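*Asks:*
Number of protein chains: 2
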Amino acid sequence: MRATIIHGPGDIRVENVPEPKIVAPTDAVIRTVATCVCGSDLWSYRGINPVTEPQPIGHEYVGIVEETGSDVSTVRPGQFVIGSFIASDNTCPICRAGYHTSCRHRDFPNGCQAEYVRIPLADGTLVATQEQPAEELMPNLLTLSDVMGTGWYAARAAEVKPGSTAVVVGDGAVGLSGVIAAKELGAEHIIAMSRHESRQKLALEFGATDIVTERGEEGVARVKELTNGLGADSVLECVGTKESMHQALQSTRPGGNVGFVGMPHDVQIDGQQLFFSHVGLRGGPAPVRAYLPDLIERVFSGRINPGKVFDLTLSLDEVAEGYKAMDERRAIKALLRP
Amino acid sequence: MRATIIHGPGDIRVENVPEPKIVAPTDAVIRTVATCVCGSDLWSYRGINPVTEPQPIGHEYVGIVEETGSDVSTVRPGQFVIGSFIASDNTCPICRAGYHTSCRHRDFPNGCQAEYVRIPLADGTLVATQEQPAEELMPNLLTLSDVMGTGWYAARAAEVKPGSTAVVVGDGAVGLSGVIAAKELGAEHIIAMSRHESRQKLALEFGATDIVTERGEEGVARVKELTNGLGADSVLECVGTKESMHQALQSTRPGGNVGFVGMPHDVQIDGQQLFFSHVGLRGGPAPVRAYLPDLIERVFSGRINPGKVFDLTLSLDEVAEGYKAMDERRAIKALLRP
């Protein structure tokens with residue numbers, strides 16, 4: 001089959017490799033209908049995460065079940081499925097508490113930018129749709145595998161409530177999905193921090209009520225201006241830098257919450273500052289499995305259209321261009337059709 | 001009147017000073033019925049917080065209203081009142097959200113280890129009891145001014161829920177109050193971390209189900225052992241050191257919560273570690289005003305007896321001995337009767 005292999009920084013190739021097989025009785029193999037490039041894939045592409053040998057890449061996928069292991073009972077060949085970027089058993093105490101990405105038996109699907117992919121813990125990871133989705137729903141459903149679920153978790157971790165004010169720091173696919181989530185959870189004012197016109201436009205379309213282009217102290221001051229000097233009830237931190245975390249913490253009112261889903265790079269939080277801020281903080285890899293049934297329903301009913309974050313669609317063979325376009329910020333997110 | 005003045009590290013004196021007067025129309029002056037020495041007073045006593053000139057000290061109090069300013073309407077002379085260690089208006093958006101200690105107009109009662117004290121923002125800060133409390137309730141009521149309310153906030157910030165497992169890091173008056181709070185909020189297992197026999201005994205009396213004497217990695221391992229390898233749902237951090245914060249964060253299960261009320265000294269939290277822990281974190285000076293009506297009711301009904309944290313009662317003139325005994329850890333907490 002055709003599969004994406006990263007050989008080193010900036011070196012993405014599509015190669016012929018053997019098709020994946022069932023390894024454990026809890027596995028499923030799916031035929032990928034759509035996959036995509038994640039912002040976090042760029043860490044390897046940019047050489048921030050070292051790549052010491054050629055390896056398969058990609059962790060977002062929707063597809064048709066091809067084969068299942070003997071212990072798999074909730075999905076069967078022929079079904080259309082969406083799964084989380086981290087595999088979970090969906091039964092351990094941590095899964096039951098809603099934190100599937102810290103499942104006690106978690107595993108990592110990899111090499112999803114390919115024609116076929118093996119998914120561990122299929123029963124706890126994959127959710128089948130009730131019917132075969134129409135072609136136009138594909139981008140929406142694909143986002144549920146990671147970015148839309150991640151934006152949802154950011155909003156939940158930031159405890160967005162009906163009538164509240166939310167700030168979204170970061171205008172990538174996750175930040176934009178966070179705008180959707182904040183709106184769905186009832187935020188009345190949604191402030192998107194963005195300086196890119198096309199992303200501002202999408203944020204407004206997704207439900208943002210205000211755009212703040214300033215950053216740093218000026219960005220904080222602007223958010224305070226828009227919130228009666230208080231700061232926002234909820235802030236979704238969707239970047240992961242020192243600056244974005246600072247921006248998020250300073251933009252939150254006392255007693256408010258920051259949900260952080262940008263994987264922190266070189267971020268230290270001062271205990272005393274956090275103490276006096278009265279801000280609640282929760283982050284982590286989003287337990288998207290927990291949200292799949294609800295979000296699938298919202299996509300099928302047409303309530304949400306997160307697939308609009310894909311502004312580039314390529315064939316699998318063109319995957320290298322997808323990485324390049326995202327790296328150069330010419331594209332928000334690239335969808336791949338094997 | 002007689003009032004406690006700190007002159008420098010280790011130098012606590014009782015002196016004759018003028019009685020406080022109403023300064024703003026929102027003030028009240030109360031005659032102190034009981035006051036006490038707080039763990040945080042020891043920072044100045046130990047020279048950690050510099051004392052550059054002699055200054056009044058103390059921030060915990062119960063008493064009888066002596067006089068009120070012209071704008072005060074909710075308390076009147078002759079009433080027995082309890083108030084928070086930080087004054088708040090109880091009407092601003094931050095107070096309404098339950099974070100009175102970040103009130104937009106907050107002020108700081110000071111010099112409470114004295115016969116009389118001026119309380120700013122009396123309407124928003126003081127709560128009068130329905131009747132004059134019996135003498136034996138005095139220690140219980142006095143704790144509501146700070147430590148019991150602080151333990152309560154720690155448990156609330158750590159989101160203690162019925163049936164859950166809570167760990168309390170710290171066996172001072174606040175930690176012990178945290179044990180009471182965890183029990184009242186329904187925790188089924190309460191693990192108190194303590195190596196002092198008298199404090200262990202009190203923790204057990206207050207509702208702790210397990211005592212852990214180990215610290216650091218061994219302490220974490222012991223908590224994991226007691227929680228099926230998972231860590232606790234809720235951890236109350238009641239110390240404020242690097243070690244205690246580490247202990248708290250490592251003892252929490254993924255998706256669990258740390259409430260931290262020990263004022264952090266030289267504590268840095270690594271963003272990436274917090275991210276992958278999935279632990280929620282909230283701290284700050286406890287909004288004890290928010291809890292006063294409820295906690296007063298629990299004291300009057302006999303449900304809680306937090307006054308037991310006072311293991312030393314002195315006259316105001318003996319206040320220096322109270323500091324000394326607490327500094328040397330001979331006493332958990334010293335109550336003073338003016």
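Residue numbers (UniProt numbering), protein chains in the order written: chain A, 1 to 338; chain B, 1 to 338. The beta-carbon is built from N, C-alpha and C at its ideal position, and this holds for glycine as well. Fair warning: this is a prediction, and the values are worked out from it, not measured in the lab.
Rounded to the nearest angstrom, what separates residue 153(B) and residue 195(A) at their Cα positions?
*Replies:* If I take the Cα positions, the gap works out to 39 Å.
*Asks:* Going by alpha carbons, who is nearest to residue 265(B) out of 244(B), 281(B), 254(B)?
*Replies:* When each option's Cα is compared against that of residue 265(B), the closest is 244(B).
*Asks:* Closer than 7 Å by beta-carbon distance: list the chain B residues that pair up with residue 99(A), in chain order.
*Replies:* Under the 7 Å cutoff, chain B gives 254, 255, 278.
*Asks:* Going by Cα to Cα distance, which pick from 317(B), 182(B), 146(B) is closest to residue 234(B)?
*Replies:* For residue 234(B), the nearest C-alpha among the options comes from 182(B).
*Asks:* Tell me the DSSP secondary structure of residue 268(B) in three-state form.
*Replies:* Strand at residue 268(B).
*Asks:* Which class does residue 277(A) belong to by DSSP, given the choice of helix, strand or coil?
*Replies:* Here residue 277(A) sits in helix by DSSP.
*Asks:* Which residues, in order along the stretch 286-320 of chain B, keep a beta-carbon less than 8 Å from a beta-carbon of chain A?
*Replies:* Answer in chain order: no residues at all.
*Asks:* With DSSP run on the structure shown, which of helix, strand or coil describes residue 313(B)?
*Replies:* Strand, per DSSP.
*Asks:* Beta carbons nearer than 9 Å to chain B: which residues of the stretch 226-257 of chain A have them?
*Replies:* Cβ contacts with chain B come from 228, 229, 230, 233, 240, 242, 245, 253, 254, 255, 256, 257.
*Asks:* Just checking, does the stretch 192-212 of chain A make contact with the stretch 64-74 of chain B on the three C-beta pairs under 8 Å criterion?
*Replies:* Taking 8 Å as the limit for Cβ pairs, the verdict is that the stretch 64-74 of chain B does not touch the stretch 192-212 of chain A.
*Asks:* 8 Å is my cut-off, CB to CB: does residue 348(B) come that close to chain A?
*Replies:* Residue 348(B) falls outside the range modelled here, since chain B spans only 1 to 338, and no answer is possible.
*Asks:* If you reduce the DSSP assignment to three classes, tell me which class residue 187(B) lands in.
*Replies:* Coil at residue 187(B), not helix or strand.
*Asks:* Compute the Euclidean distance between the alpha carbons of residue 282(B) and residue 279(A), then round it to the nearest angstrom.
*Replies:* One C-alpha to the other measures close to 6 Å.
*Asks:* Taking all protein chains shown into account, decide if residue 275(A) is buried (16 or more other Cβ within 10 angstroms of its Cβ) or exposed.
*Replies:* Per the 10 Å Cβ criterion, buried.
*Asks:* Would you kindly work out how many angstroms separate the C-alpha atoms of residue 11(B) and residue 297(B), rounded to a whole number?
*Replies:* Going by the C-alpha atoms only, they are around 38 Å apart.
*Asks:* Taking only beta-carbon positions, decide if residue 282(B) is within less than 8 Å of chain A.
*Replies:* With 8 Å as the cut-off, residue 282(B) counts as an interface residue toward chain A.
*Asks:* Below 8 Å, how does it come out for the stretch 109-129 of chain B and the stretch 79-92 of chain B: are there three or more Cβ pairs, yes or no?
*Replies:* Counting Cβ pairs under 8 Å, three or more are found: they touch.
*Asks:* With residue 37(B) and residue 334(B) assumed to form a contact (beta carbons below 8 Å), what rounded beta-carbon distance in angstroms separates them?
*Replies:* About 5 Å separates the two Cβ atoms, so the contact holds.
*Asks:* Figure out for me which residue from 8(A), 75(A), 35(A), 22(A) has the closest Cα to the Cα of residue 317(A).
*Replies:* The candidate whose alpha carbon is nearest that of residue 317(A) is 35(A).
*Asks:* In three-state terms, what does DSSP make of residue 55(B)?
*Replies:* DSSP places residue 55(B) in strand when its eight states are reduced to three.
*Asks:* Measure the C-alpha to C-alpha separation of residue 246(B) and residue 75(A) and round it to an integer number of angstroms.
*Replies:* So the two alpha carbons sit approximately 42 Å from each other.
*Asks:* Could you give the residue range of the beta strand (DSSP E) that holds residue 81(A)?
*Replies:* Run containing residue 81(A): 80-83, per the beta strand (DSSP E) assignment.
*Asks:* If distances are taken between C-alpha atoms only, which option among 253(B), 28(B), 291(B) comes closest to residue 98(A)?
*Replies:* The shortest C-alpha separation from residue 98(A) is found at 253(B).
*Asks:* How long is the line joining the alpha carbons of residue 299(A) and residue 141(A), rounded to whole angstroms?
*Replies:* Going from the Cα of residue 299(A) to the Cα of residue 141(A) covers about 7 Å.
*Asks:* Give the DSSP bridge partners of residue 1(A), in chain order.
*Replies:* Note: residue 1(A) sits in no beta bridge, so no partner.
*Asks:* Quick check on the DSSP output: the alpha helix (DSSP H) that includes residue 93(A) runs from which residue to which?
*Replies:* Residue 93(A) -> alpha helix (DSSP H) spans 93-96.
*Asks:* So is residue 274(A) in contact with chain B if we call contact Cβ pairs under 8 Å?
*Replies:* Taking Cβ atoms only, chain B reaches closer than 8 Å to residue 274(A), which makes this a yes.
*Asks:* Is there at least one Cβ from chain B nearer than 8 Å to residue 94(A)'s Cβ?
*Replies:* Chain B, which has a Cβ nearer than 8 Å to the Cβ of residue 94(A), makes this yes.
*Asks:* Which of the residues in the stretch 153-173 of chain A, read from start to end, lie with their CB under 8 Å from any CB of chain B?
*Replies:* Residues 157.
*Asks:* Assuming residue 238(A) and residue 163(A) make a contact with CB atoms under 8 Å, what is their CB distance in whole Å?
*Replies:* Not quite, the Cβ-Cβ distance comes to about 22 Å (not below 8 Å), so this is no contact.
*Asks:* Look at residue 336(A) and residue 319(A) and say whether their C-beta atoms are less than 8 Å apart.
*Replies:* In this structure, residue 319(A) lies closer than 8 Å to residue 336(A) by Cβ.
*Asks:* Are the C-beta atoms of residue 264(A) and some chain B residue less than 8 Å apart?
*Replies:* Yes, its Cβ sits closer than 8 Å to a Cβ of chain B.
*Asks:* Inspect the beta-carbon positions of residue 257(B) and residue 158(B) and report whether they are closer than 8 Å.
*Replies:* Result yes, Cβ atoms of residue 257(B) and residue 158(B) sit closer than 8 Å.
*Asks:* Do residue 155(A) and residue 232(A) count as a contact pair if the criterion is CB distance below 8 Å?
*Replies:* Not closer than 8 Å, so no.
*Asks:* Do residue 64(B) and residue 23(B) have their beta-carbon atoms positioned less than 8 Å apart in this structure?
*Replies:* Not a contact, by the Cβ cut-off of 8 Å.
*Asks:* Within its chain, find whatever has a CB closer than 8 Å to the CB of residue 137(B); leave out the 5 residues flanking it on each side and keep chain order.
*Replies:* Only 299, 300, 307 meet the Cβ criterion.
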